[in-house]
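Notes follow the structure.
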Amino acid sequence: MRILYALLLLPLFFLSACHDDCEEIILIDDFAPLPPVGIVSVSLDNAVELQWIENQEPDLAGYNIYVSDRYNGSYDFIGTSHTATFLDRGAVNGLTNYYAVTAFDFDGNESELSRDVAYDTPRPEGRGVTLTDRFVNPNRAGYDFSDYSVTHFDTDFTDFFFEIDGNGIPYLAVWDDSEIQDMGYTSSIDEISSAPAAGWNPTGDALIIRGHTYVLRTFDNHFAKVRIVDIAGSAVTFDWAYQVAKGNPELVVGHGNSLSKRSRKGARRH
Numbered sequence: 358m359r360i361l362y363a364l365l366l367l368p369l370f371f372l373s374a375c376h377d378d379c380e381e382i383i384l385i386d387d388f389a390p391l392p393p394v395g396i397v398s399v400s401l402d403n404a405v406e407l408q409w410i411e412n413q414e415p416d417l418a419g420y421n422i423y424v425s426d427r428y429n430g431s432y433d434f435i436g437t438s439h440t441a442t443f444l445d446r447g448a449v450n451g452l453t454n455y456y457a458v459t460a461f462d463f464d465g466n467e468s469e470l471s472r473d474v475a476y477d478t479p480r481p482e483g484r485g486v487t488l489t490d491r492f493v494n495p496n497r498a499g500y501d502f503s504d505y506s507v508t509h510f511d512t513d514f515t516d517f518f519f520e521i522d523g524n525g526i527p528y529l530a531v532w533d534d535s536e537i538q539d540m541g542y543t544s545s546i547d548e549i550s551s552a553p554a555a556g557w558n559p560t561g562d563a564l565i566i567r568g569h570t571y572v573l574r575t576f577d578n579h580f581a582k583v584r585i586v587d588i589a590g591s592a593v594t595f596d597w598a599y600q601v602a603k604g605n606p607e608l609v610v611g612h613g614n615s616l617s618k619r620s621r622k623g624a625r626r627h
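Each position in the sequence shown, counted from 1, maps to that position plus 357 in the working numbering.
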C-alpha cells in the first residue's frame, strides 16, 4: 500500500516543483514546402489546364498559380488550388503563357516558383463539322480554319477540301501551297500534340479513314489537325483544332521540363 501511495505522489511532486520559472516551448514552422514538379499544360479553347505531381508534405495546404509572358519574366498570381490541377480560364487563343506553381502549408510558408518550363498557347477547336464531296456540292466541300467555317472548295482561304475520286475513294486534299500528313489512328484528336517537322504527303492529299487524325500546315504557316469522326456516302464529319499563333506547331499539350541547374530570374507578384 505504501508503494502505491509513493507512486501516486511522485507526479504531484514534479508538478508542484514547476512554478513561474517554467518556460513554455512553442514550435514555429518556418520551413516552406518544396516547389511543385512535373508540370504539364494542356491547350484548350481560350483556356489552359495545368497538372503537376502532388506534393507530399504532411502540412501541405494548397498551391498558388502564377503566369507570365516569358520564362524569366515577372509572374502574376492568377489563382489558388487545393489539388494538383488548375484551369486558367483567362488564357487567350494565340497568346503564349508561361506558368509557375508554388506550394504553401498551413502556416503560410510558400515555396519558390516551380522551375519547370511550362508554357502553352491556347487554340480554337470544333466538333462535328461536315463537308460534302466537291463533285456533289462544291460550296460545302472546303474548310477555312481562320474563319472557322465551311466554304467553297476553291477559294483563296480554303485550307483543305473533301473529294471522292472516280474510283469512289475519299480524300482530304490541300492546295500546292499547303501540306497534309496522315498521323494514323487515334482514339481522340488530343493524342496528336504537335505538328511534325517533316513527312508531309508529296501528293497533297490523304486517304480518309475513320478514326485517323491528319495534321495540316496552311498556306500562311499555321498548323491544324482534323480527326475523322464519320464518312458516309458523299459526306465526311470531323473534329478539328487550329493554332492561331503563326508558326507555332503546338496543337494540344506542352510538357514542363525540369531544369534543376537553372533558376528563374523573374519574381511572383500578388
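Glycine included, C-beta positions come from ideal geometry on N, C-alpha and C.
- Proximity to Ala602 across Phe595, Phe580, Gly590 peaks at Phe580, based on C-alpha coordinates.
- About 11 Å separates the CB atoms of Thr437 and Tyr423; that is not less than 8 Å, and the two are not in contact.
- DSSP places Phe502 within a helical segment (H, G or I) once states are collapsed to three.
- Each residue's CA atom was taken as its position, placing Thr594 and Gly568 some 11 Å apart.
- By the CB criterion at 7 Å, Ile588 and Pro495 fall outside the cutoff.
- Distance from the CA of Val586 to the CA of Arg472, rounded to the nearest whole angstrom, comes to 39 Å.
- Rounded to the nearest whole angstrom, the C-alpha separation of Val399 and Thr512 is 33 Å.
- Cβ contact annotation for Gly561 (same chain, cutoff 8 Å, sequence separation greater than five): Ala530, Val531, Trp532, Asp533, Ser535, Glu536, Ile537, in chain order.
- Our two residues, Phe443 and Thr478, have alpha carbons roughly 16 Å apart in a direct line.
- Taking the C-beta atoms as reference points, Arg484 is found nearer than 7 Å to Asp596.
- Looking at the backbone, the Cα of Glu607 and that of Tyr571 are separated by about 14 Å.
- One Cα belongs to Phe517, the other to Leu401, and the distance between them is close to 23 Å.
- Spatial neighbours of Pro553 in its own chain (CB-CB distance under 7 Å, excluding positions within 5 residues in sequence) are listed in chain order as Gln538, Val572.
- With fewer than 16 other Cβ atoms inside 10 Å of its own Cβ, Tyr505 counts as exposed.
- Spatial neighbours of Val493 in its own chain (CB-CB distance under 6 Å, excluding positions within 5 residues in sequence) are listed in chain order as Ser591.
- The Cβ-Cβ distance between Ala448 and Asn454 falls below 7 Å.
- By alpha-carbon distance to Gln408, the top candidate from Pro393, Leu452, His509 is Pro393.
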